[in-house]
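Report on the structure given below.
In the working numbering, the protein residues as written are 1301 to 1714.
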């Protein structure tokens, strides 16, 4: 439940010396905002801050940054901070309103974050397509890697069984070693444990609290691949060989992803054909704006995938969607220095197209698609175009759509 906005929020934030406005302008400079130079910890989604301020108050040798996306929530945290510290002026804690989905805009390696706390975040478990919003999802963990110090830790607590199970996989896939884990924090005797209002409520109802500590390690390499997708490939110079293509792929992805009118719904997709028959394509669960030369995409052998679609027909399979999914999975490669991510369901039709592919889910296209006369309108609009265009009737993303696009490509080429 969202906290109702309080009339006193903005005046109190404006008068608070340890509330930081415009946090992105502090990127790389956070340690300089504290009185003393000492280890910097970060709590993402601090909520009302009951546990947060107790942690900071009882650990004066640590500097703590507490963020939440809701300003009223931050204001409540600050009131709790004032209550905790009493007459003492807090000098080792800062608060700021930050959207965790774009946390890379706010922190960098220069900030030297040694530990991240994520406590009782939204599990986003109603729909699978919402999993990417989890604060422990791969797309988030890869952002944290960008500013967490080598060997830094993430301390994670939740009462949600499904989120905890999924998070263990997310951590493993993104190069984190789980050094401590318990499914019943309060029975384990682990200390220190700073109890939030939510935690006190859950435990009073007899609910168990899951807890783990994940330590950042080097990303999984090809020789130690335990990922469920694909095979290993000897491409130790992958990034050097494909630097130009990956840079262009990143620019295109971010440019398209930055346009809200281009990335409605699923957000579209991008891909780039690389050296040695490989293809980079946006990973499932990520947004186009997340893509970097070493983040948020999967690598497949597109030549094998293309051969599969050019050499078979939907009628050849009892379950064509399953066959297409298994073929993509089989040809997904684990690259040293790149997190093991699942390729987009659209990898099939990207494999049969040209070097760079970008497709969007634009507002304008969605509006036009509601018109029964769209094909006729398109034919008139593109009649004098200096390129050949094709038309594919709506089909859910997957193998059948790939076969439909393949057939239309053949028709257009003739």
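Backbone N, C-alpha and C fix where the C-beta goes; we use that ideal spot for every residue, glycine too.
query: Please report how far the alpha carbon of residue 1583 lies from the alpha carbon of residue 1713, in whole angstroms.; result: 30 Å
query: Can you give the Cα-Cα distance for residue 1508 and residue 1416, rounded to whole angstroms?; result: 22 Å
query: Name the DSSP beta bridge partners of residue 1659, please?; result: 1569
query: Since residue 1491 sits in a beta bridge, which residues does DSSP pair it with?; result: Looking at the DSSP assignment, residue 1491 forms no beta bridge with any residue, so it has no partner.
query: Assuming residue 1367 and residue 1346 form a contact by the criterion Cβ under 8 Å, report the distance between their Cβ atoms to the nearest whole angstrom.; result: 6 Å
query: Quick test of your reading: residue 1655 and residue 1573, contact by CB under 8 Å. State the CB separation rounded to the nearest angstrom.; result: 5 Å
query: Using the Cα positions of residue 1532 and residue 1634, report the straight-line distance between them to the nearest angstrom.; result: Residue placement at residue 1532 is flagged as unreliable, the pLDDT there being 45, under the threshold of 50; a coordinate-derived value is accordingly withheld.
query: Kindly indicate which three-state DSSP category residue 1510 falls into: helix, strand or coil?; result: strand
query: Helix, strand or coil for residue 1417? Go by DSSP, reduced to three states.; result: strand
query: On the CB-based measure, 16 or more other CB atoms within 10 Å of its CB, does residue 1492 come out buried or exposed?; result: exposed
query: Would you please state the rounded distance, in angstroms, between the beta carbons of residue 1515 and residue 1479? I believe it to be under 8 Å.; result: 5 Å
query: So, are the CB atoms of residue 1486 and residue 1503 less than 8 Å apart?; result: yes
query: Can you check whether the CB of residue 1519 is closer than 8 Å to the CB of residue 1637?; result: yes
query: Would the beta-carbon of residue 1658 fall within 8 Å of that of residue 1563?; result: no
query: Express the C-alpha separation of residue 1689 and residue 1617 in angstroms, rounding to a whole number.; result: 30 Å
query: Excluding the 5 residues preceding and the 5 following residue 1679 in the sequence, name in chain order all residues of the same chain whose CB lies nearer than 6 Å to its CB.; result: none
query: Considering only residues of the same chain and omitting the five flanking positions on each side of residue 1526, which have a CB-CB separation below 6 Å?; result: At residue 1526 the pLDDT is 43, less than 50, meaning the model places this residue with poor confidence and gives no usable figure here.
query: Classify residue 1538 as buried or exposed, calling it buried when 16 or more other Cβ atoms lie within 10 Å of its own Cβ.; result: buried
query: Hey, is the stretch 1361-1376 in contact with the stretch 1334-1343, meaning 3+ C-beta pairs nearer than 8 Å?; result: yes
query: How many Å lie between residue 1361 and residue 1373 at the Cα?; result: 26 Å
query: Work out the CA separation of residue 1426 and residue 1449 for me, nearest whole Å.; result: 33 Å
query: Can you check the stretch 1556-1601 for any beta strand (DSSP E) of at least 3 residues that lies completely inside it and give the ranges in chain order?; result: 1569-1573, 1578-1582 and 1597-1601
query: Within 10 Å of its beta-carbon, does residue 1534 have 16 or more other beta-carbons around it, so buried, or fewer, so exposed?; result: Interpretation of residue 1534 is limited by its pLDDT of 46, a score under 50 that renders its predicted location unreliable; the figure taken from the coordinates is listed afterwards. Looking at its Cβ environment, which holds fewer than 16 other Cβ atoms inside 10 Å, residue 1534 is exposed.
query: Output yes or no for whether 8 Å exceeds the beta carbon distance between residue 1447 and residue 1482.; result: no
query: Mind reading off the beta-carbon distance from residue 1324 to residue 1405? Whole number of angstroms is fine, and I expect it under 8 Å.; result: 5 Å
query: Given this structure, state the Cα-to-Cα distance separating residue 1599 from residue 1640, to the nearest angstrom.; result: 9 Å
query: Which term fits residue 1402, buried or exposed, when burial requires 16 or more other beta carbons within 10 angstroms of its beta carbon?; result: exposed
query: Quick one: grab the DSSP three-state call for residue 1624.; result: helix
query: What separation, rounded to the nearest whole angstrom, lies between the Cα atoms of residue 1411 and residue 1647?; result: 37 Å
query: By the three-class DSSP mapping on this structure, what secondary structure does residue 1453 have?; result: strand
query: Report yes or no: do three or more beta-carbon pairs, one from the stretch 1352-1359 and one from the stretch 1430-1445, lie closer than 8 Å?; result: no
query: Can you tell me which of the three DSSP states residue 1482 falls into?; result: strand
query: Which residue from 1390, 1310 and 1589 puts its Cα closest to that of residue 1375?; result: 1310
query: Within a Cβ cutoff of 8 Å, which residues of the same chain sit near residue 1691, ignoring the five residues on either side of it in sequence?; result: 1675, 1678 and 1708
query: With a threshold of 8 Å on Cβ separation, who are the neighbours of residue 1613 within its own chain once the five nearest residues in sequence on each side are excluded?; result: 1703
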